[in-house]
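What follows is a single structure, written as structure tokens, with notes after it.
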Amino acid sequence: MALNSDPAASTPPTPGRSRNMAAIKRRDTKPERTIRSLLHAAGKRYRVDVRLQLEGARPRPDIVFTRTRVAVFVDGCFWHCCPEHGRQPGVNGGYWGPKLERNVDRDRAADEALAAAGWTVVRVWEHEAPEEAVERILAVLDAAAPASRGTQTG
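With the first letter of the sequence shown counted as 1, position 32 gets the number 853 in the numbering used here; the numbers rise by one all the way through.
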């Protein structure tokens, strides 16, 4: 996808909208905190919001299990175009459409770069039940852990 070089298409339409967007959290969202809390209660230890230096990419997963090389992203339905809840805004489609498309493209590029570097990627939608998401993450961690580690955490 080609990036739009029109400055009007790359900036929010009003100063108020710009302030709103600047106030949106990049990390520590409620779904993220809930999932981290459940993982911690399950005895798992992890790193939060770590930028990984990979060949040709620098993804920043929300939750990182470095020993097992598992990267977890907790994606917002709007920002990452959830097939179930994502929607295109009715106002300023010329701004929002390309912005959301770039988010999805960046997600796919991060997934590919992580997989190429030997990482396992788990993507969780914000609408998923946290307990179910944690079960999925734990299953991936169990599968990724070498048998000799026994009960050692990711």
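Glycine is no exception: its CB is placed at the ideal position from the N, C-alpha and C atoms.
**DSSP-derived helix/strand/coil call for ALA892** = Here the question's residue 892 lines up with position 71 in the sequence shown. It is a strand residue.
**Asked** For ASP870 versus ARG857, is the C-beta spacing smaller than 8 Å?
**Response** Translated into positions along the sequence shown, residue 870 becomes position 49. Translated into positions along the sequence shown, residue 857 becomes position 36. No, the Cβ-Cβ distance between ASP870 and ARG857 is not below 8 Å.
**Request:** Tell me whether GLU949 is buried or exposed, calling it buried when 16 or more other Cβ atoms sit within 10 Å of its Cβ.
**Result:** Position 128 of the sequence shown holds residue 949. Buried is the call here.
**Item:** Nonlocal neighbours in the same chain, by C-beta distance under 7 Å from ALA931, ignoring five residues either side
**Value:** Working through the sequence shown from its first residue, we reach residue 931 at position 110. If we look at ALA931 and ignore the five residues flanking it on each side, its Cβ neighbours are ALA878, PRO880.
**Message:** Measuring straight from C-alpha to C-alpha, what distance separates VAL925 and TRP900?
**Reply:** Position 104 of the sequence shown, counted from the start, is the residue given in the question as residue 925. Position 79 of the sequence shown, counted from the start, is the residue given in the question as residue 900. Using only the alpha carbons, I get a separation of about 8 Å.
**Prompt:** Between which two residues does the alpha helix (DSSP H) carrying VAL942 extend?
**Reply:** Here residue 942 is taken as the residue at index 121 of the sequence shown, counted from 1. It is not in any alpha helix (DSSP H) - VAL942 instead sits in the beta strand (DSSP E) that spans 941 to 946.
**Request:** Starting from the Cα of ASP883, find the closest Cα among ALA862, GLU953, TRP946 and give me that residue.
**Result:** For the purposes of this step, residue 883 is taken as the residue at position 62 of the sequence shown. The shortest Cα separation from ASP883 among ALA862, GLU953, TRP946 belongs to TRP946.
**Asked** On the premise that ALA938 lies in contact with LEU989, defined as a C-beta separation below 8 Å, what is that separation, rounded to the nearest angstrom?
**Response** The structure shown does not extend to residue 989, since the chain spans only 822 to 975, so no value can be given for it.
**For ILE958, the nearest candidate out of PRO836, GLU905, THR889 (CA to CA)** = The residue given as residue 958 occupies position 137 in the sequence shown. Here the closest residue by C-alpha is THR889.
**VAL925 - containing alpha helix (DSSP H), residue span** = Numbered from its first residue, the sequence shown carries residue 925 at position 104. That run of the alpha helix (DSSP H) goes 914 to 937.
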